[in-house]
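J.:
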Amino acid sequence: MKNDLSEVAALEALLRDQRHAYLRAPYSSWETRATHLRALRKVMLDHRDELAGAMNADFGNRAKQEVLLAEFLLVKEEIDAALRHGKRWMKAQRRSTNKWLLPARAKVVPQPLGVVGIIVPWNYPVLLAVGPLISALTAGNRAIIKMSELTPRTSALFEQLIGRTFARDHVAVVNGDATLAAAFSAQPFDHLLFTGSTKVGHEVMRAAAEHLTPVTLELGGKSPAIIGTHARFDNAVDNLVAGKTLNAGQTCIAPDYVLVPRGKEQAFIKRARTRMAKMYPRFANNPDYTSIISARHFARLERLIDEAQAAGAQLHALTDAAPDPASRRFPLIALTNAPDDCALMQEEIFGPLLPLVPYDTLDDAIAWINARPRPLALYLYADDAATIERVTHETIAGGMAVNETLMHLACESLPFGGVGASGMGAYHGYEGFVTFSKMKPVLTQARLNARGWISPPYGKRVNALLKLMMRF
C-alpha cells in the first residue's frame, strides 16, 4: 500500500512539474516540435530490435517481422507525415466574417492544450504509445504515458528509452499496476487518451469526469466483415484470415465475425484451411504465429468455445493443431451456428476465434450490424459500387475498409477512432493534431467599426438598423 501511495504521489508531482514547464513555454515553434519528432523517430528505430525482443519475451512468442511491420513501420510513417505537414497544421486558419461584423477579421488559432495523458494497452505497446504521442508532440504538448503491466519487459525498456530522449518534464513514462492506472485516469490532465476495452473505458471516463478532463477513448467491440454475394470470394477469405491471425487476433480492429452469403460457410472453411496451411505450414511452434498474452486470456478463449459448443455451435479447426496452454498457442478456429445470446457473439473475442454468420440479402446483413453496438471497424468485400455505397452510408462504424482488413489504420492521413460503444474522438494525422490542440477562435476588430451604432440607448437609429439588418 505504501508503495502504491508513493507511486501516486510521484505521478501527481510529475504532472505538476510538466504543467509548470508548459506554463513557462506554452507555445513552442515548429522547429522545436520537429526536433522532438525526429528524436522520437531516431530512438524508436535505433532500438527497434531490442523492443521487438522484449515484446517476444512478454508474449511468449511474437515474430520480429510482425512487430516491425505492424508497429515500427506505422510509427515511422506517421512521424514522417507529421514532419511533412505539421508546420502547415500550426498556421492560423482564416474564417469568413459576416457582413455586419466587417471590417473585423476572423481566424482559428491552434494552440497546445498543455499536459496530456496516454494510457497504453498490452497488444501493440509501441504503436499505441507512440502513435498518440506523435499527435501530442506535433500539437506542442507535454505528455505522460502509462504503459501496460502485462508487457513488463517492453514497458520497462520503453520507459528507459523515453527517459534518455526527453526531459522528464516534457515526456515521461510511468509503470505500475491497476492501482496506478486508476490514479492515472483521475489526474487533471488537459486531455486523456485511453486505448483498451469498453468496460475499462467506462471506468476511465468516470474518473476523468471528476476534473472534466476531455477524453479520447479508443475501445473495441465486435467488428464485422461482410462478404458480398458477388465478391471475389477466395480473395476475401484469404484477406480475412491474414487480418484475423495478425497478433493471433489480439487486435482491437480484428474482424470479430464474418457475414457470409448463406450456403457459403463450408466454402469459407475450406478456403481458410488452405490459406492457413500456406501461411503456417507447420503450425506447432511456428515462429511466425503470436502466442496469447497470458494464461488468463488463454482460458477466456477456451471458455468462449466451451460455452458456444454447449449451446449448439460447431467448431471447425483450420489447422491440425489444438490449443496449447503450455506455449499459449491458440490456432484459428471457425465456428458456425453459434447462438446470438452466447458470450462468443456478445463479447469482443480478441483472439483467433471466427464465427461465421449466414445472411440472405444485403438488407439482412446491414440490419444485423445496425441492431448491435457500433463497432470500431467494418470490413466489406465487394466490387460493385451499389453494395459499397449502401454499406458505407447505411452502417456506422469507427472506420471502414473495402476489400481489405486492418489497413485503414495504416493510412496515416485517416483519423482513427470509434463511435458509440467502440469509443469517441480520434487521432492520427490532422485529426490527431486537432484532438490535442485548442482550436481557439479569434476575432480582431478594426479601429473604425459599427459597434457604437447598436449600443444603448436604443432608439430610432437602432430600430432602423435592426430593420435593415433583418432584411439583408
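Quick note on numbering: the UniProt record's numbering labels position 227 of the sequence shown as 227, and the sequence is numbered without any gaps.
Note that the Cβ used here is the ideal one computed from N, Cα and C, for glycine as well.
Predicted model, so just to flag it, every value in this text is computed and none were measured.
Name the two residues that bound the continuous beta strand (DSSP E) containing valine 260.
T.: 257 to 261
J.: Roughly how many whole angstroms lie between the Cα atoms of glutamine 160 and glutamate 50?
T.: 12 Å
J.: How long is the line joining the alpha carbons of glycine 220 and proline 26, rounded to whole angstroms?
T.: Those two C-alpha atoms are separated by around 34 Å.
J.: Measuring CB to CB, does proline 261 end up less than 8 Å from lysine 244?
T.: no
J.: Relative to the C-alpha of leucine 15, which residue among Val115, Thr216, Arg232 and Leu376 is closest?
T.: Per the Cα distances, Val115.
J.: Buried or exposed for tryptophan 100, going by 16 or more other Cβ atoms inside 10 Å?
T.: exposed
J.: What number of angstroms, rounded off, separates the C-alpha of residue 519 from the C-alpha of isoleucine 293?
T.: Any answer about residue 519 is impossible in this case: the structure gives the chain only from 1 up to 472.
J.: Please return the same chain residues whose Cβ sits closer than 7 Å to the Cβ of phenylalanine 436, not counting the five positions on each side in sequence.
T.: Taken in chain order, the residues that qualify are Leu113, Val116, Ser135, Ala136, Ala139, Asn141 and His191.
J.: Buried or exposed, going by whether 16 or more other CB atoms sit within 10 Å of the CB of methionine 147?
T.: buried
J.: Near valine 241, what residues of its chain come up, given a Cβ to Cβ distance below 6 Å and the 5 sequence neighbours on each side ignored?
T.: Ala272 and Arg275
J.: Do leucine 74 and serine 223 have their CB atoms nearer than 8 Å?
T.: no
J.: Check whether the Cβ atoms of methionine 121 and threonine 195 lie closer than 8 Å to each other.
T.: In the sequence as displayed, the identity of residue 121 is proline instead of methionine. Contact: yes.
J.: Could you give the first and the last residue of the continuous beta strand (DSSP E) run that contains valine 174?
T.: 171 to 174
J.: Going by C-alpha distance, which of Leu443, Ala236, Met470 and Glu71 is nearest valine 108?
T.: Selected option, being the one with the closest Cα: Leu443.
J.: Measuring only the C-alpha atoms, how far is glycine 86 from valine 434?
T.: Computed Cα separation, rounded: 11 Å.
J.: Using CA atoms only, rank isn't needed, just tell me which of His408, Pro125, Leu259 and Asp306 is closest to isoleucine 369.
T.: For the residues His408, Pro125, Leu259 and Asp306, the minimum Cα distance to isoleucine 369 belongs to Leu259.
J.: Can you give me the start and stop residues for the beta strand (DSSP E) that methionine 400 sits inside?
T.: 399 to 402
J.: So the alpha helix (DSSP H) lysine 270 belongs to, where does it begin and stop?
T.: 265 to 279
J.: Nearest to glycine 432 by CA position, among Arg38, Ala34, Glu78 and Arg48, is which residue?
T.: Ranking the options by Cα distance to glycine 432, first place goes to Glu78.
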